[in-house]
Amino acid sequence: MSSNKYLNIFFTFIVGLFLLTSAFRPSVQIVSIILALFLLYYYFYFKATKKGNIFSLNKNEKLLSISLVLMFASILPPLLTNNSLSVGFRELDIPSKYLLFALIALLLFKLKPRISSDILMYLIGISGFIFGLIAIFHIFIFPQMLYHGRFTGYSGINELGFMCGVISVINISLALYRKNKLFFLSAGLLSFIGVVGTGLRGSVLAVFCSLFVIFLVYCFYNRSLLVFAMKTLIFIAISFFVISYVVYDSLPTDRISYTKDELDSISKGDYNTSIGLRLVMYKEALAIFSLSPIIGMSAKSQHDNAEKIANISGFDHIIEAAKSGPVFGKKHNDMLNILATRGLIGFASLVLFYFAMTKMILLSNNSSIRIVGGGGILYCLFAGLSGDPLSGHTESTFLLLLLLFIFNTESYD
7 MSSNKYLNIF FTFIVGLFLL TSAFRPSVQI VSIILALFLL YYYFYFKATK KGNIFSLNKN
67 EKLLSISLVL MFASILPPLL TNNSLSVGFR ELDIPSKYLL FALIALLLFK LKPRISSDIL
127 MYLIGISGFI FGLIAIFHIF IFPQMLYHGR FTGYSGINEL GFMCGVISVI NISLALYRKN
187 KLFFLSAGLL SFIGVVGTGL RGSVLAVFCS LFVIFLVYCF YNRSLLVFAM KTLIFIAISF
247 FVISYVVYDS LPTDRISYTK DELDSISKGD YNTSIGLRLV MYKEALAIFS LSPIIGMSAK
307 SQHDNAEKIA NISGFDHIIE AAKSGPVFGK KHNDMLNILA TRGLIGFASL VLFYFAMTKM
367 ILLSNNSSIR IVGGGGILYC LFAGLSGDPL SGHTESTFLL LLLLFIFNTE SYD
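Okay, so the sequence shown: first residue is 7 according to our numbering, each after it adds one.
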């Protein structure tokens with residue numbers, strides 16, 4: 007057996023391990039490190055022995071790799087000002103992962119290990135079943151395992167909500183475009199149970215918005231199948247409604263009443279609620295941006311300038327946060343968070359990342375890449391409007407590795 011075949015077998019095993027264990031913390035992070043070491047070994051082995059192929063990067067692959075490096079580099083300028091590193095290296099934690107992602111991307115593009123498109127799609131489907139069955143187990147069979155009445159599984163609320171959401175969107179997209187529609191549709195609906203169970207309203211809305219766009223695109227390019235698409239859309243909408251009703255009715259905490267109470271508080275001018283903060287945090291982010299538009303502000307700089315920021319924004323949330331020390335809190339929006347903490351440099355790196363990733367997905371001749379990649383990047387965009395998926399540990403690792411894996415599928419189109 008050739009070295010390239012061994013590489014493909016090991017790569018398939020790693021991808022399977024990644025998708026089948028991602029519901030359990032800290033599997034996603036561990037597998038990403040194993041993958042990086044595994045690819046490094048093969049890269050140097052192929053280079054030394056000439057027993058395998060090492061490919062040159064095309065323009066799109068270079069652009070994506072550079073964007074990941076820049077997403078790390080953009081955190082350095084604010085940390086090198088105002089003696090910001092004196093409070094520790096916490097702010098380097100998540101950005102440093104982008105260096106790991108850049109290394110993995112570079113090695114995947116250079117070595118081009120292959121996984122069967124069908125195997126990857128079915129692994130994504132099975133992962134949807136795993137997420138869904140864990141959700142059913144926790145919500146309906148052993149509700150005492152819930153955390154404050156919300157489904158956290160074995161990884162955490164934010165992490166699980168994001169992973170269940172992106173897997174749900176991708177599986178339902180696969181149900182539209184591929185055979186075995188019942189398998190993928192079931193996987194998508196089951197994983198949606200996990201999204202609803204976490205109580206993350208932004209993640210639920212991100213699933214709805216992503217699938218709405220996907221259905222519009224499907225109808226535009228498959229007008230002869232418009233009746234099938236509408237029937238499928240109605241079935242999924244009814245299924246989502248039933249799932250949401252049953253899950254919310256089973257949870258100890260009433261998220262619907264909680265949401266109504268929050269909206270009532272907002273109508274009275276009290277924005278110190280989960281929804282309220284998301285509606286006004288943009289003021290704080292833009293105030294920080296106005297004070298340091300190029301490089302943004304570190305947690306220490308935000309602490310030192312808390313009063314200025316509050317005066318500009320007309321919102322005193324940051325003053326309360328600064329009483330506990332450096333302001334590490336996020337702005338509940340990926341773009342606003344990066345604008346505030348990394349300025350225009352960071353924002354440019356984020357735009358470059360989305361541009362490079364979207365370009366690679368849309369220009370691909372492999373339908374599997376377009377389906378999985380399109381669903382993943384859409385969900386990330388919508389989830390980023392009320393959360394910080396690209397700034398989270400598990401969420402960013404899961405999304406980026408899944409998107410990178412699809413570029414290494416064998417096409418049978």
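Note that CB positions come from ideal geometry on N, CA and C, so glycine has one too. From a predicted model like this one, the values you see are computed outputs, not experimental measurements.
- In the pairwise beta carbon analysis, the stretch 346 to 365 is classified as touching the stretch 69 to 76: at least three pairs are separated by under 8 angstroms.
- M169 and F137 do touch by the CB rule: their CB atoms are close to 7 angstroms apart, below 8 angstroms.
- The shortest CA-to-CA distance from M341 to any of S304, N311, L297, F388 is the one to F388.
- Each of S38, I132, Y48 was checked against the Cα of L105, and the nearest Cα belongs to S38.
- About 6 angstroms separates the Cβ atoms of Y224 and A235, confirming a contact at the 8 angstroms cut-off.
- The stretch 195 to 213 and the stretch 245 to 264 touch, with no fewer than 3 CB-CB distances between them shorter than 8 angstroms.
- Cβ contact annotation for R31 (same chain, cutoff 8 angstroms, sequence separation greater than five): Y160, S161, G162, E165, T400, in chain order.
- Here the alpha carbon of A293 sits roughly 44 angstroms from the alpha carbon of L182.
- When S374, I383, P332 are compared, the shortest CA-CA separation from N89 is found for P332.
- Annotation for V210: V201, V202 place their beta carbon closer than 7 angstroms to its own, counting only its chain and skipping 5 residues before and after.
- With three or more CB-CB distances shorter than 8 angstroms, the stretch 408 to 417 counts as touching the stretch 375 to 383.
- Contact check for G390 and N339: beta-carbon distance about 7 angstroms, within the 8 angstroms limit, so the pair qualifies.
- Beta bridge pairing from DSSP links T415 with I121.
- DSSP places Y160 within a strand segment (E or B) once states are collapsed to three.
- The stretch 86 to 103 makes contact with the stretch 303 to 319; the number of CB pairs closer than 8 angstroms reaches 3 or more.
- Membership of N343 in the alpha helix (DSSP H) is indicated by the continuous run 340 to 368.
- Residue environment analysis places G320 among the exposed positions, since fewer than 16 neighbouring C-beta atoms fall within 10 angstroms of its C-beta.
- Per DSSP, F321 lies in no alpha helix (DSSP H) and is assigned neither H nor E.
- Secondary structure at F246: helix, using DSSP grouped into helix, strand and coil.
- Under DSSP, Y153 takes part in a beta bridge, and its partners are R156.
- Put simply, of D394, R348, T415, S330 the residue whose alpha carbon is nearest the alpha carbon of N372 is T415.
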